[in-house]
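> Encoded as structure tokens, here's the structure I'll be asking about.
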Amino acid sequence: MDTEKCRVFLKVLEVGSLTGAAEMLGYTVSGVSRLVASIEKEAGTPLLIRNRDGVRATAECEMLLRSIREMAYWGERFEHRVRSIHGIETGLVVAGSSYDAYYPWLSRLISGFSALHPGIEMRILEGTSSELAEKVDSHEGDFCICSERKGHHRFLPLVEDELVAIVPRSNPVSEWKDFPLRQFEKEPFIDIYPGKETDNSRTFAKYHIQPNVRYSTMDRFAGYSMAEAGLGVCMENRLIARRYGREVAVLPLRPRQTVRIGVVYPEKDVISPAAEAFVRYALEETERPVL
Numbered sequence: 001m002d003t004e005k006c007r008v009f010l011k012v013l014e015v016g017s018l019t020g021a022a023e024m025l026g027y028t029v030s031g032v033s034r035l036v037a038s039i040e041k042e043a044g045t046p047l048l049i050r051n052r053d054g055v056r057a058t059a060e061c062e063m064l065l066r067s068i069r070e071m072a073y074w075g076e077r078f079e080h081r082v083r084s085i086h087g088i089e090t091g092l093v094v095a096g097s098s099y100d101a102y103y104p105w106l107s108r109l110i111s112g113f114s115a116l117h118p119g120i121e122m123r124i125l126e127g128t129s130s131e132l133a134e135k136v137d138s139h140e141g142d143f144c145i146c147s148e149r150k151g152h153h154r155f156l157p158l159v160e161d162e163l164v165a166i167v168p169r170s171n172p173v174s175e176w177k178d179f180p181l182r183q184f185e186k187e188p189f190i191d192i193y194p195g196k197e198t199d200n201s202r203t204f205a206k207y208h209i210q211p212n213v214r215y216s217t218m219d220r221f222a223g224y225s226m227a228e229a230g231l232g233v234c235m236e237n238r239l240i241a242r243r244y245g246r247e248v249a250v251l252p253l254r255p256r257q258t259v260r261i262g263v264v265y266p267e268k269d270v271i272s273p274a275a276e277a278f279v280r281y282a283l284e285e286t287e288r289p290v291l
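Per UniProt numbering, the sequence shown starts with residue 1, numbered consecutively.
As structure tokens, then:
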């Protein structure tokens with residue numbers, strides 16, 4: 001299968017529109033439509049569900065998606081290797097962090113690297129630790145700062161952090177010296193990133209705890225604000241919680257829960273030339289952050 005077809009097909013899925021993908025890639029809509037039809041013919045089954053709202057993957061497409069991504073990735077890597085042989089430095093590095101405390105360091109890395117390698121495009125990725133680790137495993141991320149996760153990647157530890165309870169000062173529990181994990185089943189709980197795998201959800205699953213979820217949010221600061229207003233308690237990394245105001249108490253958990261935060265990057269046999277250059281620069285040319 002033509003790897004360019006795979007790249008175009010993935011862009012169609014990403015934007016949910018043949019027209020949108022055509023505009024972003026410089027194709028005509030009919031050209032994109034023909035490429036999609038060609039892939040569907042090779043697969044022997046429809047891969048897209050089309051409606052007035054756009055397109056989305058069929059169940060059969062979901063089964064083939066990993067293979068399509070692999071082909072697109074290796075095609076792109078081949079092109080970059082060819083260019084590097086001829087002395088043309090191009091490529092894309094996708095970096096991200098699930099902890100905003102590391103954005104200043106990441107930004108300094110990108111600034112320094114871009115000055116040395118102006119032909120390499122940099123892109124920022126957002127997500128939870130599990131999402132970023134999965135992005136690296138699926139060749140959609142190259143340098144992600146997150147909590148340690150198992151997978152097909154390398155991990156460089158930066159710091160060992162702990163999970164803590166965020167308790168409003170108006171709650172008598174705020175005077176306790178620590179916060180028993182089972183207490184999350186009793187207190188109104190503010191769920192941050194509901195439905196996603198996070199350090200919080202993994203901890204609850206490990207101890208078979210069903211938190212008393214009363215509120216939920218996809219924004220960490222919103223969760224803190226709700227706790228500050230006395231709506232409930234939440235769980236957070238100390239790295240993040242130490243910046244919160246005095247209207248909340250930050251209590252260690254009982255039993256104590258720690259997580260390793262570090263850099264996730266591709267294994268040596270699959271890393272792209274551009275990503276390899278960025279990782280080498282990040283690990284050798286700059287000091288690691290002390291937070």
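The beta-carbon is built from N, C-alpha and C at its ideal position, and this holds for glycine as well. Nothing here was measured: the structure is a model prediction, and the numbers come from that model.
#1: Straight-line CA distance for residue 308 to TYR193?
#2: Nearest-angstrom Cα distance between ARG69 and ARG77?
#3: Bridge partners for HIS153 per DSSP, in chain order?
#4: Of all Cβ atoms in chain D, is any one closer than 7 Å to the Cβ of ILE240?
#5: Distance check for VAL250 and ARG242, CA to CA, integer angstroms please.
#6: Leaving out five residues before and five after GLU60 in sequence, what residues of the same chain have Cβ atoms less than 6 Å from its Cβ?
#7: Relative to the C-alpha of VAL263, which candidate in CYS146, LEU231, TYR103, VAL164 has its C-alpha closest?
#8: Can you name, in chain order, every residue of its own chain whose Cβ lies under 6 Å from the Cβ of HIS139, other than the five neighbours on each side?
#9: Could you tell me the distance, in whole angstroms, from the CA atom of GLY54 to the CA atom of VAL29?
#10: Measuring straight from C-alpha to C-alpha, what distance separates PHE204 and GLN210?
#11: Between SER129, PRO188, ASP161, which has its C-alpha nearest VAL173's C-alpha?
#12: The beta strand (DSSP E) that contains GLU89, what's its start and end?
#13: Taking the alpha-carbon of SER97 as reference, which of SER107, THR90, GLY91, ARG50 has the nearest alpha-carbon?
#14: Hey, TYR265 and ARG154: beta-carbon distance below 7 Å or not?
#15: How long is the line joining the alpha carbons of PRO168 and PRO104, rounded to whole angstroms?
#16: Does ALA37 pass the burial test, meaning 16 or more other C-beta atoms within 10 Å, or should it be called exposed?
#17: Just list the residues that DSSP pairs LEU163 with in beta bridges.
#18: Considering only the beta carbon of each residue, do LEU158 and ILE261 sit closer than 7 Å?
#19: Is the beta carbon of ALA57 sitting closer than 7 Å to the one on LEU25?
#20: So HIS152 packs on PRO273, CB below 8 Å; how close in whole Å?
According to the structure data:
#1: Lying before the first or after the last residue shown, residue 308 is absent from the chain, which here runs from 1 to 291.
#2: 12 Å
#3: PRO266
#4: In the structure shown, chain D cannot be found, because there is only a single protein chain.
#5: 8 Å
#6: THR45
#7: CYS146
#8: TYR73
#9: 13 Å
#10: 7 Å
#11: PRO188
#12: Counting along the chain, GLU89 falls outside any beta strand (DSSP E), and DSSP gives it neither H nor E.
#13: SER107
#14: yes
#15: 29 Å
#16: exposed
#17: ASN237
#18: yes
#19: no
#20: Between PRO273 and HIS152 the Cβ distance is about 19 Å, and since that is not below 8 Å, they are no contact.
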